[in-house]
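Remarks on the structure that follows.
Number of protein chains: 4
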Amino acid sequence: MALAMGCAELNAFLRRAFLQIADQVRVDSADEGQLVARLAVDDQHLRPGGTVSGPAMFALADVGIYLAILSRIGEVPLAVTTNASIDFMRKPEAGRDLLAECRILKLGRVLAVGDALIRSDGMRDPVARCSMTYSIPPRDR
Amino acid sequence: MALAMGCAELNAFLRRAFLQIADQVRVDSADEGQLVARLAVDDQHLRPGGTVSGPAMFALADVGIYLAILSRIGEVPLAVTTNASIDFMRKPEAGRDLLAECRILKLGRVLAVGDALIRSDGMRDPVARCSMTYSIPPRDR
Amino acid sequence: MALAMGCAELNAFLRRAFLQIADQVRVDSADEGQLVARLAVDDQHLRPGGTVSGPAMFALADVGIYLAILSRIGEVPLAVTTNASIDFMRKPEAGRDLLAECRILKLGRVLAVGDALIRSDGMRDPVARCSMTYSIPPRDR
Amino acid sequence: MALAMGCAELNAFLRRAFLQIADQVRVDSADEGQLVARLAVDDQHLRPGGTVSGPAMFALADVGIYLAILSRIGEVPLAVTTNASIDFMRKPEAGRDLLAECRILKLGRVLAVGDALIRSDGMRDPVARCSMTYSIPPRDR
């Protein structure tokens with residue numbers, strides 16, 4: 001199955017539709033099995049002690065899984081997140097970007113489900129795990 | 001049971017320990033049963049269409065439930081969020097603050113659990129529901 | 001708003017449609033704000049140490065919130081659970097039934113969301129907290 | 001890293017410690033990366049329409065991830081599930097066993113986190129996704 005949107009198209013969409021985070025998040029790679037989204041960590045994401053904040057990790061997973069859906073079905077700007085579950089498991093490494101490895105588990109008529117593992121760039125153990133559900137508007141196939 | 005920290009003390013702690021969101025979030029009220037945290041919605045929280053972003057609602061619930069724990073046991077700056085589950089149920093009303101009604105369901109030796117209902121100020125139907133778990137460091141009672 | 005199905009009708013539906021658990025679960029009360037479902041705890045629900053098993057508590061919350069939806073909209077036998085999040089917070093008391101206090105937070109066109117607090121009968125502190133989402137088939141209003 | 005308990009030991013533990021489900025669940029394989037647990041589906045797990053019930057899938061994931069933890073650290077009979085999040089994504093195929101592919105994402109001093117993908121035996125698309133947290137008692141390393 002060819003992707004409906006590739007890496008460059010997804011990054012262009014990100015810059016156009018998500019102005020507020022477009023300079024912080026970008027898609028590193030996208031294929032049928034997985035999309036990798038990168039958060040360029042800077043001071044605005046940090047909590048006391050140098051930890052990346054929970055909401056920043058949530059935002060990374062949310063955007064990454066959403067883009068993974070678009071890579072399959074093309075632009076559906078009205079999709080909304082309906083549920084998220086996240087486990088924060090380790091403290092991110094200071095001074096490293098965060099990478100979210102996102103996969104789509106279900107792409108149904110009205111609901112899509114995906115999950116993500118978030119790691120500090122270059123590290124093996126995951127920092128967080130997240131699963132998300134999106135309600136997607138009716139569309140032509 | 002008297003609260004370990006009241007509304008004014010919690011707001012002072014917020015300004016001291018959470019610089020990045022201290023001008024956006026404040027505690028409206030706190031008693032034994034419930035803490036109400038307010039997000040002063042402005043442009044930085046909005047997504048296209050005027051909706052408050054999911055990460056902003058996540059941040060409000062996270063801070064609110066955390067402060068509800070502190071209201072019971074006093075300052076424990078090393079508590080960390082280990083799990084969050086959130087349902088986004090309705091679109092927030094444009095131009096209204098968000099209020100999170102937070103309650104503590106368990107306050108154990110190593111884990112605390114709370115949940116929150118988030119509403120647009122003045123509206124009845126909840127916008128989001130969130131439950132969170134925190135790992136809390138050993139402490140004297 | 002009058003309920004579409006009251007306590008007696010819900011219990012009759014339970015006996016008719018959920019044969020396998022109809023002798024274990026029953027509705028104690030149902031009004032606009034809350035439905036209380038009771039699990040008559042017996043040996044089949046117990047784990048070593050006398051604890052009620054997680055799946056038994058999951059089943060109680062699932063049936064209770066589902067019946068709370070039916071109390072509002074009438075029989076919709078094709079509704080399916082799409083997401084569940086549960087926190088197990090305390091050990092249930094041995095020899096006591098479990099009560100799930102269920103409320104509906106959203107009743108939309110395609111998704112319904114509810115949550116439940118589970119307590120050992122007569123005890124104050126909750127044993128578990130659960131939130132669930134159901135996909136409901138199109139219907140006439 | 002050698003496993004603390006292999007497939008045969010885990011199945012022996014299952015028969016000894018989980019009498020109620022020992023004839024329904026067994027470990028098909030266990031290595032460092034993944035444990036596969038099988039639910040031998042029979043009538044007691046079915047809902048009207050031939051679907052395996054949500055609680056039965058919950059129980060499979062719960063036991064599977066718990067055994068994956070034991071495969072790493074040996075018998076810790078007092079570990080308890082503290083949180084579970086589950087997405088039900090597709091209807092299981094009638095007449096097929098369910099397989100849960102379980103992995104451990106964190107194995108900390110007091111908390112362990114794992115997740116599972118559940119498939120009907122022989123099918124590609126997952127039926128459910130589940131993540132679970134366990135509180136584990138202090139132990140020697």
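Chains as they are written, first to last, in UniProt numbering: chain A, 1 to 141; chain B, 1 to 141; chain C, 1 to 141; chain D, 1 to 141. The beta carbon of each residue, even a glycine, is placed where N, CA and C say it ideally should be.
By the Cβ test, the region 77-84 of chain A is not in contact with the region 24-44 of chain A, since fewer than three Cβ pairs between them sit closer than 8 angstroms. A check of alpha carbon separations from A/GLY114 across D/MET89, D/ASP97, D/VAL110 identifies D/MET89 as the nearest. At least 7 angstroms separates the CB of A/ASN11 from every CB of chain B.
By the CB criterion at 7 angstroms, B/ILE86 and A/ALA84 fall inside the cutoff. C/CYS130 is bridged by DSSP to C/ILE86, C/ALA116. Spanning the alpha carbons of B/MET5 and B/LEU70 requires a straight line of approximately 7 angstroms.
Across the set D/ASP43, D/ALA116, D/PRO55, D/ILE136, the C-alpha of D/PRO55 shows the shortest separation from the C-alpha of C/MET132. In the DSSP assignment, C/LEU70 falls within the unbroken alpha helix (DSSP H) covering 54-73. Taking C-beta separations shorter than 8 angstroms and ignoring five residues to either side along the sequence, the partners of D/ARG15 in its chain run ALA22, following chain order. Sequence-distant Cβ neighbours of B/ARG96 in its own chain, meaning closer than 8 angstroms and more than five residues away, are VAL41, SER120, ASP121, GLY122, MET123. Between A/VAL76 and chain C, the shortest Cβ-Cβ separation is not below 7 angstroms.
Take the alpha-carbon of C/GLN34 and the one of A/ASP62: they are about 32 angstroms apart. Under the three-state reduction of DSSP, D/GLU9 is assigned to helix.
For B/LYS91, there is no enclosing beta strand (DSSP E), as DSSP marks it with neither H nor E. C/GLY54 belongs to the set of residues whose beta carbon lies under 7 angstroms from a beta carbon in chain D. Under the DSSP definition of a beta bridge, B/VAL27 partners with B/ALA37. Rounded to whole angstroms, the Cβ separation of D/LEU99 and D/VAL52 is 12 angstroms, and the two are not in contact under 8 angstroms. Within chain A, no residue has its CB atom less than 8 angstroms from the CB of B/ASP125, the nearest being about 15 angstroms off. In terms of beta-carbon proximity, B/SER85 lines the interface with chain C, with at least one pair separated by less than 7 angstroms. Looking at the DSSP output, A/GLU101 bridges to A/VAL36, A/LEU117.
For C/VAL41, there are no neighbours in chain D by C-beta distance under 8 angstroms, as the nearest C-beta there is about 14 angstroms away. In this structure, the CA atom of B/GLY108 is about 10 angstroms from the CA atom of B/TYR134. With respect to chain D, the C-beta atom of C/THR133 has no partner C-beta closer than 7 angstroms. From the beta-carbon of A/MET89, the residues of chain D found nearer than 7 angstroms are LEU105, LYS106, VAL113.
For D/LEU111, the three-state secondary structure derived from DSSP is strand. The beta carbon of B/LEU3 sits closer than 8 angstroms to those of ALA30, ASP31, GLU32, SER71, ARG72, all from its chain and outside the five residues before and after it, given in chain order. Scanning C/LEU19, C/VAL25, C/ASP125, C/ALA94 for the CA closest to the CA of C/ILE65 turns up C/VAL25. At a Cβ-Cβ threshold of 7 angstroms, B/ALA128 and B/MET57 count as neighbours. The CB of C/ARG129 comes closer than 8 angstroms to the CB of LEU105, VAL113, ASP115, SER131 in chain B, given here in chain order.
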